[in-house]
Structures are given as C-alpha cells and as structure tokens.
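Right, one structure below, let's go through it.
Protein chains: 2
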Amino acid sequence: MARAAGVSQATVSLVLGEKWHGRVSEPTAEAVRAAAEQLGYRPNLAARSLRLGRTRTALLVVPALTSEFFARVYAGAARVAADNGFGVVLYPSPEGVGPAQDPFTSARAALDGVIASSMAADALAALQDGGLPLVMLDSDPADSAAAATVNPEVADGMRQIAGHLLSLGHRRLVHVAAAVDSWTFRERARSLAEAVRGVPGAVVHTEPTALEVEAARAAAERALSRPGPRPTALVCDDDLLAAGACKAARRLGLRVPEDVSVTGFDDLTLATALEPELTTVRLSAEQVGAGGMHALLTALEGRPPTSATIPVTLFPRASTAAPPPA
Amino acid sequence: MARAAGVSQATVSLVLGEKWHGRVSEPTAEAVRAAAEQLGYRPNLAARSLRLGRTRTALLVVPALTSEFFARVYAGAARVAADNGFGVVLYPSPEGVGPAQDPFTSARAALDGVIASSMAADALAALQDGGLPLVMLDSDPADSAAAATVNPEVADGMRQIAGHLLSLGHRRLVHVAAAVDSWTFRERARSLAEAVRGVPGAVVHTEPTALEVEAARAAAERALSRPGPRPTALVCDDDLLAAGACKAARRLGLRVPEDVSVTGFDDLTLATALEPELTTVRLSAEQVGAGGMHALLTALEGRPPTSATIPVTLFPRASTAAPPPA
DNA sequence: GTGAAAGCGCTAACAA
DNA sequence: TTGTTAGCGCTTTCAC
Numbered sequence: 001m002a003r004a005a006g007v008s009q010a011t012v013s014l015v016l017g018e019k020w021h022g023r024v025s026e027p028t029a030e031a032v033r034a035a036a037e038q039l040g041y042r043p044n045l046a047a048r049s050l051r052l053g054r055t056r057t058a059l060l061v062v063p064a065l066t067s068e069f070f071a072r073v074y075a076g077a078a079r080v081a082a083d084n085g086f087g088v089v090l091y092p093s094p095e096g097v098g099p100a101q102d103p104f105t106s107a108r109a110a111l112d113g114v115i116a117s118s119m120a121a122d123a124l125a126a127l128q129d130g131g132l133p134l135v136m137l138d139s140d141p142a143d144s145a146a147a148a149t150v151n152p153e154v155a156d157g158m159r160q161i162a163g164h165l166l167s168l169g170h171r172r173l174v175h176v177a178a179a180v181d182s183w184t185f186r187e188r189a190r191s192l193a194e195a196v197r198g199v200p201g202a203v204v205h206t207e208p209t210a211l212e213v214e215a216a217r218a219a220a221e222r223a224l225s226r227p228g229p230r231p232t233a234l235v236c237d238d239d240l241l242a243a244g245a246c247k248a249a250r251r252l253g254l255r256v257p258e259d260v261s262v263t264g265f266d267d268l269t270l271a272t273a274l275e276p277e278l279t280t281v282r283l284s285a286e287q288v289g290a291g292g293m294h295a296l297l298t299a300l301e302g303r304p305p306t307s308a309t310i311p312v313t314l315f316p317r318a319s320t321a322a323p324p325p326a
Numbered sequence: 001m002a003r004a005a006g007v008s009q010a011t012v013s014l015v016l017g018e019k020w021h022g023r024v025s026e027p028t029a030e031a032v033r034a035a036a037e038q039l040g041y042r043p044n045l046a047a048r049s050l051r052l053g054r055t056r057t058a059l060l061v062v063p064a065l066t067s068e069f070f071a072r073v074y075a076g077a078a079r080v081a082a083d084n085g086f087g088v089v090l091y092p093s094p095e096g097v098g099p100a101q102d103p104f105t106s107a108r109a110a111l112d113g114v115i116a117s118s119m120a121a122d123a124l125a126a127l128q129d130g131g132l133p134l135v136m137l138d139s140d141p142a143d144s145a146a147a148a149t150v151n152p153e154v155a156d157g158m159r160q161i162a163g164h165l166l167s168l169g170h171r172r173l174v175h176v177a178a179a180v181d182s183w184t185f186r187e188r189a190r191s192l193a194e195a196v197r198g199v200p201g202a203v204v205h206t207e208p209t210a211l212e213v214e215a216a217r218a219a220a221e222r223a224l225s226r227p228g229p230r231p232t233a234l235v236c237d238d239d240l241l242a243a244g245a246c247k248a249a250r251r252l253g254l255r256v257p258e259d260v261s262v263t264g265f266d267d268l269t270l271a272t273a274l275e276p277e278l279t280t281v282r283l284s285a286e287q288v289g290a291g292g293m294h295a296l297l298t299a300l301e302g303r304p305p306t307s308a309t310i311p312v313t314l315f316p317r318a319s320t321a322a323p324p325p326a
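Here you go:
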C-alpha cells in the first residue's frame with residue numbers, strides 16, 4: 001500500500017481517482033503520486049469492483065472470432081471500451097469443442113452489460129434472464145428485448161449490389177445465400193428480391209449454402225449447371241462465398257467477369273486478395289463494434305441509448321461486368 | 001444472498017465450491033443447491049478475487065486480432081482457459097487508433113499471468129516489470145525472461161517448403177519476406193537460406209515487404225522484374241503475401257504455377273480461397289494458443305512449465321509445379 | 001456438521 | 001485539508 005509509503009490513508013484513493021481537487025492540497029497530492037510511481041503501485045481492481053458494484057466489463061457475444069469480420073467487431077468495441085476504462089470479454093465461440101458454456105456461469109456477476117450479435121442465436125436464450133443491459137448487433141430492430149440495436153445497413157448494401165448488376169444489364173441472378181437463420185441474412189434476401197422485382201424480366205434464384213468456401217463452390221456450381229438459360233451474376237452473402245463462387249465458375253470453364261459476374265459482401269481482406277478483385281459492399285465491422293459499445297455505455301449511464309445505423313459502401317471492382325451478349 | 005433464502009451462512013461457500021464432502025451433510029448441501037438454483041444465485045467474482053488474491057484471468061498480447069492467425073491463437077487459448085475456469089483478456093491491438101496503452105494501467109492487478117506473441121514487440125517493455133508469469137509465443141526460446149515458450153516449428157516448415165521446391169527442380173528462389181523484426185521471421189529466413197545452401201546452384205534473393213497484399217504484390221513484381229534470369233519460385237512468409245505474389249505474377253503475364261511457383265505460410269482460409277490453391281505450411285494457431293495457456297496454467301500451479309513445440313505440416317497444392325524448361 | 005467472525009483493498013460518508 | 005470508519009461478498013479458520 002501507498003499508505004505506509006506515502007503520508008496518508010484513503011487520501012490516496014482521492015488523488016489516484018482524480019477526485020482530490022479542492023479537497024487535498026497540491027503538495028500532498030504530488031507526494032502521493034510520487035510514492036505510487038515509486039512503488040509501482042496499482043489499485044486492486046477486484047476490490048474496486050466489489051466496492052463499486054460495477055466491473056467496467058462488457059461481454060461481447062459473437063459466433064466465431066476466427067472470422068475476420070467479428071475480429072474487427074471486437075477491435076472496434078475494445079477500442080471504445082478502452083477509451084472509457086472498460087474491458088471487453090468474449091463469449092467463447094460455440095464453434096469450439098467442449099461443452100457449450102453458459103456465458104454467465106463464469107461471468108455473469110462480473111459483467112456490467114452485454115453486446116450480442118444476432119448470429120450467435122443459441123446464446124441468446126441464456127441471455128434472457130440476464131437482467132443486464134443488452135445491445136444487439138446486426139439484428140432485427142423490432143423484436144428484441146434489447147436496449148438498442150446497432151445495424152449496418154445491409155438492406156441498402158444489397159440494394160446497391162442489385163442496382164449495380166441490373167444497370168450493367170444482368171437479368172438472371174443467383175443469390176448464393178448463407179444458410180444461417182438470422183435476421184441479417186433474411187434482410188439481405190428480402191432486399192435483393194425487392195430490388196429485382198422492380199425490373200421487368202429480372203429474376204433471382206436462391207441457392208443456399210453453408211458459410212464456407214467449399215460449400216459455396218458446390219452451391220454455385222449447382223446454380224450454374226441448372227437446366228435453362230445460365231445465370232449471369234452470382235450475388236453472394238459474404239466475400240468467402242464469393243471466393244467459392246469464383247472457383248465454381250472457373251471449374252465450369254467460365255470466366256469472371258466476362259461470362260459471369262460475382263459479388264461479395266463485407267469487404268474482407270480476401271476481397272482484394274482474390275483475382276479478379278471482388279466487387280463487394282464494405283460493412284465497417286469496427287464501426288459496428290464501436291457503435292455497440294457506445295450504445296452500451298450510454299445505457300449504463302442511465303441515458304436512453306440510441307439505436308444506430310452504420311452506412312455501407314459499394315466497391316465496384318473487377319469481378320463484375322456487363323453480361324455476355326448471347 | 002442464498003444465506004437468507006437457504007438455511008445457513010457460509011456453508012454456501014463450501015457447497016458451491018465443492019469443498020463440502022465430509023463437512024456438510026448431504027441434505028443441507030442439496031438444500032443449498034436448490035436455493036441457489038431457485039434464486040438464480042451466482043457468486044460475486046470480484047469478492048472472490050479480492051479474497052483469494054487471484055483473478056483467474058490471463059492477458060493475451062497479440063499484434064492484431066483482425067488477423068485470422070491471431071484470432072485462432074485466441075480461440076485456442078480461450079478454450080483451454082474456459083476448461084480451467086479461467087478467462088482471457090486481450091491487450092488492445094497497438095494497431096488501433098488512440099494512445100498506445102500500458103497493458104497494466106488498467107489491468108495489472110487483475111491478472112494472474114501473461115501470454116505474449118513476439119510480434120507484439122513494443123508491448124514487451126511494459127511487461128518487464130510485470131512480475132507476472134510470462135509465456136511467450138513463437139519467440140526466441142533463448143533470450144526471453146519467459147517461464148516458457150510455445151513455438152510452432154517454423155524452421156521445419158520452411159525446410160519442408162524449400163525441400164518441396166528444390167526437389168521440383170527450382171534453383172532460383174525469392175524469399176518474399178515480412179519486414180517485421182521478430183524472431184519467427186528471422187528463423188524462417190535462416191532456415192530457408194540453410195536449406196538452399198545445401199544445394200549446388202541454388203540461390204535465394206530476399207525481397208522484404210510489409211505484411212499486406214498490396215505491398216507484397218509490389219515486392220514480388222520487383223523481384224520478378226530484376227535483370228538476369230527470372231526466379232522460378234516465390235517463397236512467402238505468409239499466405240497473405242502469397243496472394244500478393246500471385247497477383248504480381250499475373251500482372252506480368254506469368255502463370256502460376258506453370259511459369260512461377262508460389263508458396264504461402266500459415267494455411268489460412270485464404271490459402272484455399274485463392275486460385276490456384278496455395279501450397280503452404282499449416283501452423284495450427286489454435287494449438288499455439290492452447291499450448292500457451294497450458295504452459296501458463298502449469299506455471300501458475302507452481303510447477304515448472306514445459307516449453308512446447310507445435311509440429312507443422314506441408315500442404316502441397318496447386319500453386320507449385322516444376323519450373324519452366326527454358 | 002454448522003455458525004460466527006475476520007479480513008482481502010477499495011471508496012464514500014463523515015469527523016476532526 | 002486530512003484521517004477514521006464502515007462495508008461491498010466472499011473464503012477460511014476456529015469455536016461450538
């Protein structure tokens with residue numbers, strides 16, 4: 001303790017907590033700081049948490065951190081948290097081996113709030129009885145018991161993709177759709193269908209697939225091999241799926257984008273690592289994470305949190321072009 | 001408190017802490033468990049940590065979580081931690097904006113130990129005075145003050161890559177090297193140079209680059225355009241760099257692998273999303289993370305932690321072939 | 001087999 | 001302007 005070293009008792013608390021102005025003399029304050037510095041003293045967080053009843057820790061529930069997208073969501077949330085003296089702990093990915101753990105078994109009492117992605121559907125049940133402020137990410141703004149929702153504008157993103165493709169002249173589209181039952185993917189499908197519906201002669205066929213390159217390749221190959229006129233554009237729910245779609249095209253001897261156009265979603269590193277570079281929609285995952293943390297902090301301060309919406313941007317690159325003449 | 005609800009006082013502690021055998025009667029224990037269940041009672045972690053002086057929390061220091069590799073390291077560490085009632089908190093990526101934070105300013109007193117990657121070099125200084133058990137990942141086994149080191153066998157991986165390429169007949173290699181000053185990359189360079197040295201007529205030129213696709217593309221393009229006989233194989237320190245190398249080759253009108261072979265390192269998702277699929281070495285990042293956590297837990301139990309070594313595997317795929325005849 | 005009591009390090013209210 | 005004190009919820013002796 002700096003108490004023995006310095007001069008006083010809990011004056012230390014005031015000084016180190018920056019609450020001493022007008023209550024502790026400047027010399028004393030300086031002495032305390034010097035002693036703390038010299039002893040390498042750090043306040044004990046457990047004691048502080050116990051006393052305060054708050055832990056300055058938020059739980060982030062994401063389906064799989066190994067995905068670049070959610071790693072970025074974490075990065076954004078952690079940055080905002082750190083700026084506010086908060087920490088972020090992750091709910092162990094359900095992907096992992098071992099028993100699916102109740103996020104609260106080990107953590108509930110040590111949390112101030114929860115930020116959850118809609119994709120981690122199975123974890124939501126456990127959150128119901130939490131009684132903690134909850135901010136949902138990329139989720140249905142309507143139905144949740146959340147204090148706030150922070151969503152990238154996925155519908156707008158899909159609308160932009162569709163607009164881009166339709167104005168290039170594409171009329172036979174395939175939606176290479178993530179077979180994941182979550183609001184964000186339903187929204188994308190809805191938005192795409194709506195955009196296509198407005199254009200005479202345009203159709204969209206849906207080909208569901210698991211969220212993996214190999215599964216997407218198989219799905220896209222299926223879609224491109226169906227009887228009837230070949231689709232000219234593959235609209236994928238994720239850059240990863242788009243990578244699979246490109247592989248499918250090449251395996252069938254088709255060129256991207258000359259014979260078939262392919263679009264992604266997210267703008268991961270992958271999008272520009274591929275050849276041709278993917279036309280895709282950038283969702284700023286960091287902003288989603290940061291927005292979620294902001295909303296949670298607001299809720300924690302007792303103010304009504306503002307549901308936010310993160311704009312998205314279409315990046316037209318080399319994987320899309322006008323459809324072949326035929 | 002379950003105290004009021006149940007029947008007794010701190011008997012609760014014994015029962016819930018599984019320390020009651022032979023000290024509390026079976027009926028009482030059952031009653032406590034029932035009450036706890038019914039009230040949804042969870043022990044307060046802050047209080048427990050305060051009392052015990054331990055937090056069951058480890059810090060994982062990684063350069064950038066947005067990279068798939070380190071996300072996997074985290075996943076592995078978190079899995080092992082969870083199995084042992086531990087949590088893992090991440091050191092905010094130095095990449096992020098905002099002031100570079102001392103990991104201990106907010107966390108030191110709340111940590112039991114530290115796991116650090118060598119790539120987070122700048123953070124190491126701050127760790128020196130930690131006084132906490134430290135496990136290093138992918139770092140020089142010799143020089144560190146670490147209790148243990150957990151390393152994937154990168155030298156062996158590079159040896160396998162070199163062997164693969166040399167036996168295909170390649171003699172003019174380029175090492176597209178990550179311009180990051182860390183042990184793991186020095187080790188790769190050393191191992192590659194050594195393997196090539198054993199083969200008469202074989203040479204390796206080093207082309208340093210930042211760890212990004214676009215920078216790697218530029219570096220590879222430079223290497224392939226140098227005067228003199230063109231290199232026939234590009235050995236990259238990372239799959240991401242290999243993606244850049246492939247783009248460089250195509251931009252110069254060269255085919256992969258017919259005109260030039262390309263190899264990666266890590267076997268990220270990217271490796272099989274690209275075309276051709278990358279010949280690469282799989283480093284099990286999860287195992288590195290898990291091994292690191294195991295070593296830390298061992299150290300925390302007072303037993304001497306065992307430095308571990310994680311074997312790597314060469315995956316020969318479509319990005320390598322015999323060099324062109326000329 | 002169970003309860004009473006102390007104390008982990010901190011903060012906030014109050015006394016001096 | 002500073003020190004004293006109580007108590008956050010838990011674990012752990014130690015009496016009973």
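These protein sequence lines are chains A and B, in that order.
Just so it is clear: in the first sequence, position 191 is 191 by the UniProt record's numbering, and no numbers are missing.
Just so it is clear: in the second sequence, position 19 is 19 by the UniProt record's numbering, and no numbers are missing.
Where is the CB? At the ideal position from N, CA and C, for every residue including glycine.
Model, not experiment: these values are computed from the prediction.
Starting from Arg282(A), trace the beta strand (DSSP E) in both directions and tell me its first and last residue.
Boundaries of the beta strand (DSSP E) harbouring Arg282(A): 280 to 282, taken from the DSSP string.
Where does the unbroken beta strand (DSSP E) through Ser167(B) begin, and where does it stop?
Per DSSP, Ser167(B) belongs to no beta strand (DSSP E); it is in the alpha helix (DSSP H), 154 to 168.
Look up Cys236(B) in the DSSP assignment and give the residues it is bridged to.
Per DSSP, Val176(B).
Own chain, CB closer than 6 Å to Gly264(A), minus 5 neighbours either side, in chain order:
Cys236, Asp239, Ala242, Ala271, Leu278, Thr280
Chain-ordered neighbours of Ser49(A) on chain B, where CB pairs are closer than 7 Å
Within 7 Å Cβ-Cβ: Ala46.
Assign Glu212(B) to one of three DSSP states: helix, strand, or coil.
coil
Given Val312(A) as reference, the closest of Met136(A), Ala155(A), Asp140(A), Leu52(A) once Cα atoms are compared
Ala155(A)
Please confirm if the stretch 171 to 181 of chain B is in contact with the stretch 136 to 153 of chain B, defined as three or more CB-CB distances below 8 Å between the two stretches.
no
If we define contact as Cβ-Cβ less than 7 Å, is Arg72(B) a contact residue for chain A?
yes
Taking the alpha-carbon of Ile161(B) as reference, which of Pro276(B), Ser182(B), Ala321(B) has the nearest alpha-carbon?
Ala321(B)
Once you ignore the five residues that flank His294(A) on each side, which residues in its own chain have a CB closer than 7 Å to its CB?
By the criterion of a C-beta distance shorter than 7 Å, His294(A) is surrounded in its chain by Val80, once the five residues flanking it on both sides are discounted.
Can you tell me which of Ser167(B), His205(B), Met158(B), Gly244(B) puts its alpha carbon nearest to the alpha carbon of Val188(B)?
Reading off the sequence, residue 188(B) comes out as Arg, not Val. Among Ser167(B), His205(B), Met158(B), Gly244(B), the Cα nearest to that of Arg188(B) belongs to Met158(B).
Identify, in the order they occur along the chain, each residue of the same chain with its Cβ nearer than 6 Å to the Cβ of Pro305(A), setting aside the five sequence neighbours on each side.
Ala147, Ala148, Ala295, Thr298, Ala299
Provide the residue(s) that pair with Asp266(B) in DSSP beta bridges, ordered along the chain.
Arg282(B)
Rounded to whole angstroms, what is the Cα-Cα separation between Asp259(A) and Phe86(B)?
53 Å
If contacts are defined as beta-carbon pairs under 8 Å, then Ala116(A) and Gly163(A) qualify, I think. What distance do you get, rounded to the angstrom?
With a Cβ gap of about 32 Å, Ala116(A) and Gly163(A) do not count as contacting.
Using only the alpha-carbon positions, how far apart do Glu95(B) and Leu65(B) sit?
Bear in mind that the predicted position of Glu95(B) carries a pLDDT of just 49, short of 50, making it too unreliable to give a figure here.
Cβ-based burial, Ser25(B) [other Cβ within 10 Å; buried from 16]:
exposed
According to the neighbour-count rule (16 or more other Cβ atoms, all chains shown, within 10 Å of its Cβ), is Val262(B) buried or exposed?
buried
Chain B residues whose Cβ lies nearer than 9 Å to that of Glu275(A)
Ala243, Cys246, Lys247, Arg250, Leu274, Glu275
Report all residues from its chain with a CB closer than 7 Å to the CB of Gly169(B); omit the five preceding and five following residues, and keep chain order.
Ala322, Pro323
Does any CB atom of chain B fall closer than 7 Å to the CB of residue 334(A)?
In the structure as shown, chain A starts at 1 and stops at 326, and residue 334(A) therefore has no counterpart that could be examined.
Pull up the distance between the alpha-carbon of Leu59(A) and that of Arg251(B), whole angstroms please.
46 Å
Out of curiosity, what's the CA-to-CA distance linking Leu318(B) and Pro257(B)?
It is worth fixing the name first, because residue 318(B) is Ala in this sequence and not Leu. Taking the straight line joining both Cα atoms gives about 7 Å.
Under 8 Å from the C-beta of Leu240(B): neighbouring residues of chain A:
The answer, in chain order, is Thr269, Ala273.
Please report the straight-line C-alpha distance between Gly113(B) and Thr232(B), rounded to a whole angstrom.
Looking at the two C-alpha atoms, the distance is approximately 47 Å.
Examine chain B for any beta-carbon lying closer than 7 Å to the beta-carbon of Val213(A), and answer yes or no.
yes
When burial is assigned at 16 or more other CB atoms within 10 Å of the CB, is Arg303(B) buried or exposed?
exposed
Using 10 angstroms around the beta-carbon of residue 345(A), count the other beta-carbons present and answer buried if the total reaches 16, otherwise exposed.
For chain A, the structure presents residues 1 to 326; residue 345(A) sits outside this window and is missing.
Among Ala249(A), Gly291(A), Gly292(A), which one has its Cα closest to the Cα of Pro276(A)?
Ala249(A)
The beta strand (DSSP E) that contains Phe315(A), what's its start and end?
313 to 315
DSSP-derived helix/strand/coil call for Leu90(A):
strand
Closer than 9 Å by beta-carbon distance: list the chain B residues that pair up with Thr55(A), in chain order.
Leu45, Ala46
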